[in-house]
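Protein chains in written order, with the working numbering: chain A, 1 to 316; chain B, 1001 to 1316; chain C, 2001 to 2316.
Every residue, glycine too, gets a C-beta built ideally from N, C-alpha and C.
Since the structure comes first, as structure tokens, the remarks are kept for the end.
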Amino acid sequence: MAPRLSALGRIILMTTLLIAASTTAFAARYPSYGMLTTKTTPAGVMTVVINNTFSSINLFDAHVQSDLANLIEELQANDTDVRVVLFESGNPEFFISHIDVNYFFPGYEDPLPHFDPGLQNMTFPTALLWNITQLPQATIAVIEGRARGIGNEFLMSCDMRFASLSPSVLLAQLETSFGLNPGAGGAMYLSRLIGRGLTFEYVFASKDIDAATAERYGWINRAFLTSAELREYVQQLAARIALFPRGGIIGTKQGINAVSRPSMDVLIRDAQNVIDALAATPAPFALSQNFLKATHNQSLGDLELNYGTELESLFK
Amino acid sequence: MAPRLSALGRIILMTTLLIAASTTAFAARYPSYGMLTTKTTPAGVMTVVINNTFSSINLFDAHVQSDLANLIEELQANDTDVRVVLFESGNPEFFISHIDVNYFFPGYEDPLPHFDPGLQNMTFPTALLWNITQLPQATIAVIEGRARGIGNEFLMSCDMRFASLSPSVLLAQLETSFGLNPGAGGAMYLSRLIGRGLTFEYVFASKDIDAATAERYGWINRAFLTSAELREYVQQLAARIALFPRGGIIGTKQGINAVSRPSMDVLIRDAQNVIDALAATPAPFALSQNFLKATHNQSLGDLELNYGTELESLFK
Amino acid sequence: MAPRLSALGRIILMTTLLIAASTTAFAARYPSYGMLTTKTTPAGVMTVVINNTFSSINLFDAHVQSDLANLIEELQANDTDVRVVLFESGNPEFFISHIDVNYFFPGYEDPLPHFDPGLQNMTFPTALLWNITQLPQATIAVIEGRARGIGNEFLMSCDMRFASLSPSVLLAQLETSFGLNPGAGGAMYLSRLIGRGLTFEYVFASKDIDAATAERYGWINRAFLTSAELREYVQQLAARIALFPRGGIIGTKQGINAVSRPSMDVLIRDAQNVIDALAATPAPFALSQNFLKATHNQSLGDLELNYGTELESLFK
């Protein structure tokens, strides 16, 4: 899902891949791009910093997806060390901006398989998030910066979400504004957090929510005045959970997922396949073209920073 | 579900129907009574004012149901213009009071079919609300005045709910106080908004909730100090959603419904069929008779205005 | 699930049983131990005080379970008098502390059948709580004191929960800290009250929640400044519900359960069978042994009082 690359770009990616691959013992299934930095404490808390160095807005493109897929495979196999995984962003303005819009365009050359090899009928990005909900570790999103669309769906695929009260924290499902729907289940997970009525409002209107309101509604677990307080709270929480045997984490997650996660069938039928069908219609295509033009192919600027208030300019 | 009509009453209704029918190009399936006034902006926002001119309390009787069923059929067929539908009330004290209690009495001559012609095994009023949840438009209830029983179920069949902080806004599921249950799924939708524990409290006790508390619990999306603020917020929200392509609204609604609406089978089996069975038992019949007597067949008065605090008088 | 009893202990239990049995006309299926005191008003409100006189911490052991099972059978059969059941504790520090940890040990001689005779594949304590959710009465927990593990699951099997703001009110699902999961569905019910994200936090971390926070999140319906206010509110609520015909309570509960209770299959597969499998692994066994030693077999002391803050001592 990377933007189409020049020949030079491809060579750089390949080189990056080779370097990244040489630094880990884990046999990565997908190309590695160095988008993720990981650090694990002796107590079993892994911190993952997401930093898409090919993008000024931490785009959820094929580079990030590829690296995340490898990490998830590693965590699935990990059977002793890691008990808790913290996801952070290396970009102060964006946790994850959104999916690479080019993904929906005819002719896009996807470096990743369209369907996940392991999960039948699930597209690669949808499967990636689904797999996060299945990890044998507790997962926590540490939010500083914006997360819209699949960025917010990523947050909700984590077990817990904490944020700072920074004005940079703005969360949204913005798909309806493109004539699409949250295809990886964003509106489904959201309805388990903030209820049916508020879900309709925020998703239909593609509205940004700030950290304070997100806490009040239950979209995130809690918001903290400063980044330091956020990090202290999350570290203590993670350290505590990491004390406990692995079996309890896995077993407890099985029970919570059984009642508060959309079933795989429903997720595929009523979210993923719906967005795939809508993406093939004219309106989303035209709006996405406008968006790419207005953002200079998803570059840092007012529209990416303040989509919630600026989006109406796309309709003028 | 109208009160039984005199011969004159029937003639008036028929006349009303003919006049109403002549003002619209849409071929109405059911009799039209002029209970609804609609206005659509060029931007695609339709406002529907519900005003039962046969009732001082905006009763959800056969007149209102008939007109709503026609409107819904029109909106289902509408495939271009309307993106958002706002439902308001023309009665300052009542959004919709409740169902016409006569509906449950043996011998009631229903001018509408008992079962909906389009939805197998669903009674007419239950199907009407179900169809609202299926509309290809975003639906918003703009609440000033009371809504109890099926009135509140109507609110919850809309995607979103906003209210003023007027003391006239009182919402309730009051069926348990009659020995019945919310037959169109009121307790089911409510549990998606305010959680299982509060749902039991409000439904079992047939308690009124005011707008401020309703906002705090998530029963409504938001409450506004003045009617003007309410209307300004809703107009802006509606105008924004109306910018977006129709497909995104439909697709997003499909996903949210898939996880946060009761399935049709459950709604029929565990709500509708339960109330039908209970309505045939002696206790609800006796209480309904008391209620009709005490309210002079559902006329404006203290019991209709303040049912939440006055209902105990029915048990003395 | 009693601790293993001496011969004298067994004789005392039998005597207790005979005395208790002689004071009620109801033919109890299980041994009766006098752990419950019941009082029913003429208006149909029964108050049940739980007081495990064999335990300083109101342990949910075989005595309490046996008496509760008899009470539930009586309430299931009751078809006229009782409309509302209030559950209280006779122990000011503990509503119900937690399950008797000995229950999970190999060699534990269970005086109760492992599986419930009436509910296929459901263990006795899980079935007991399930049956509470099925009672034809409205059920209300009046919380003063701690309730952790199955104690909190007991609270959530009641329809409604109210508490005082006393510092003695501390609620938790603590199973993950033992390498287990909430086996009677605690995490499932909780996710219907406080949402998916907060459920993960509180259950994974085995955190205590106080009454004020529990009210804010929806874990309990409401918290009251004083015990007197709590009792006045609950008495008025119960008296009101008791006015209404029995059918409405039963019918309304059927509808709410249909959408907000885990299905029996899911509860057995993803909660009960998971804890049974985990309990057979080494880590929970070792931690439970530590716990029994540190608490002098579940006696009143700092670890039982303040498990939420003191549990980390078990991992040193």
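If contact is defined by three or more beta carbon pairs under 8 Å, each pair taking one atom from either stretch, is the segment 249-267 of chain A in contact with the segment 134-143 of chain A? yes
Continuous alpha helix (DSSP H) stretch holding Met1188(B): start and end: 1186-1204
Using Cβ-Cβ distances below 9 Å, what residues of the segment 2242-2276 of chain C are close to chain B? Leu2243, Phe2244, Pro2245, Arg2246, Gly2247, Gly2248, Ile2249, Ile2250, Gly2251, Thr2252, Lys2253, Gln2254, Gly2255, Ile2256, Asn2257, Ala2258, Val2259, Ser2260, Arg2261
Contact set for Arg146(A): own chain, Cβ-Cβ below 6 Å, skip 5 residues either direction: Phe94, Leu170
My guess is that Ala1163(B) and Arg1148(B) are in contact by the Cβ rule of under 8 Å, so how many angstroms apart are they, rounded? Between Arg1148(B) and Ala1163(B) the Cβ distance is about 14 Å, and since that is not below 8 Å, they are no contact.
Tell me where the alpha helix (DSSP H) around Lys253(A) begins and ends. Element bounds for Lys253(A): 246-260.
N- and C-terminal bounds of the beta strand (DSSP E) containing Glu2088(C): 2084-2089
Closer than 8 Å by beta-carbon distance: list the chain C residues that pair up with Arg231(A), in chain order. Within 8 Å Cβ-Cβ: nothing; Arg231(A) doesn't reach chain C, min ~16 Å.
DSSP has Ile986(B) in a bridge; who is on the other side? Since the first residue shown for chain B is 1001 and the last is 1316, residue 986(B) is missing from the structure and cannot be characterised.
Return the bridge partner residues of Ser166(A) from the DSSP annotation. According to DSSP, residue pairing for Ser166(A) in a beta bridge does not occur.
How should His296(A) be labelled, buried or exposed, when 16 other C-beta atoms within 10 angstroms of its C-beta is the threshold for buried? exposed
Roughly how many angstroms lie between the CA atoms of Ser1166(B) and Ala1027(B), to the nearest whole one? 38 Å
Using a Cβ-Cβ cutoff of less than 8 Å, which residues in the same chain neighbour Leu292(A) once the five nearest sequence positions on both sides are dropped? Val101, Asn102, Gln298
Pick out whichever of Asp81(A), Gly44(A), Thr126(A) has its Cα sitting closest to the Cα of Leu68(A). Thr126(A)
Interface flag, Phe1105(B) vs chain C, CB-CB below 8 Å: no
Distance cutoff 8 Å, beta carbons only. Does Met188(A) sit that close to anything in chain C? No, no contact with chain C.
Short-range partners of chain A found in the segment 1159-1182 of chain B, where Cβ spacing is below 8 Å: Asp1159, Met1160, Arg1161
Among all the DSSP beta bridges, which residues are the ones paired with Asp116(A)? Asp116(A) is not bridged to any residue.
Closest residue to Arg2192(C) among Asp2159(C), Arg2246(C), Asp2208(C) (Cα-Cα distance): Checking every option, the nearest Cα to that of Arg2192(C) belongs to Asp2159(C).
Please check the pair Ile1140(B) and Val1084(B), which I expect to be a contact at CB under 8 Å, by giving their CB distance rounded to whole angstroms. About 7 Å separates the Cβ atoms of Ile1140(B) and Val1084(B), confirming a contact at the 8 Å cut-off.
Can the beta-carbon of Ala211(A) be found less than 8 Å from the beta-carbon of Ile220(A)? yes
What residues in the segment 281-295 of chain A bring their beta carbon closer than 8 Å to a beta carbon of chain B? Thr281, Ala283, Pro284, Leu287
Kindly say whether Arg1192(B), judged by its beta-carbon, lies nearer than 8 Å to any beta-carbon of chain A. yes
Could you tell me whether the segment 1075-1082 of chain B touches the segment 1052-1066 of chain B, using the rule of 3 or more Cβ pairs below 8 Å? no
So, with DSSP's three-state summary, where would you put Leu2036(C)? strand
For Gly1247(B) versus Leu278(A), is the C-beta spacing smaller than 8 Å? yes
Which residues does DSSP pair with Arg148(A) in a beta bridge? Ala172(A)
Of all the options Ala184(A), Pro117(A), Arg240(A), Val259(A), which has the alpha carbon lying nearest to the alpha carbon of Leu155(A)? Ala184(A)
What's the C-alpha gap between His2098(C) and Ala2294(C)? 15 Å
Ala2223(C) in three-state terms, based on DSSP: In the displayed model, Ala2223(C) falls within a strand according to three-state DSSP.
From the beta carbon of Ala2211(C), is the nearest beta carbon of chain B less than 8 Å away? no
Given that Arg240(A) touches chain C, what residues does it touch there, using C-beta distances under 9 Å? Ser2177, Phe2204, Ala2205, Ser2206, Lys2207, Leu2311, Glu2312
With a 10 Å radius around its C-beta and 16 neighbouring C-beta atoms as the bar for buried, classify Gln1272(B) as buried or exposed. buried
Run through the DSSP bridge pairs and tell me what Arg161(A) is partnered with. Ala141(A)
Within-8 Å CB hit, Phe315(A) to chain B: yes
Alpha carbon to alpha carbon, what distance is there between Pro2182(C) and Val2048(C)? 25 Å
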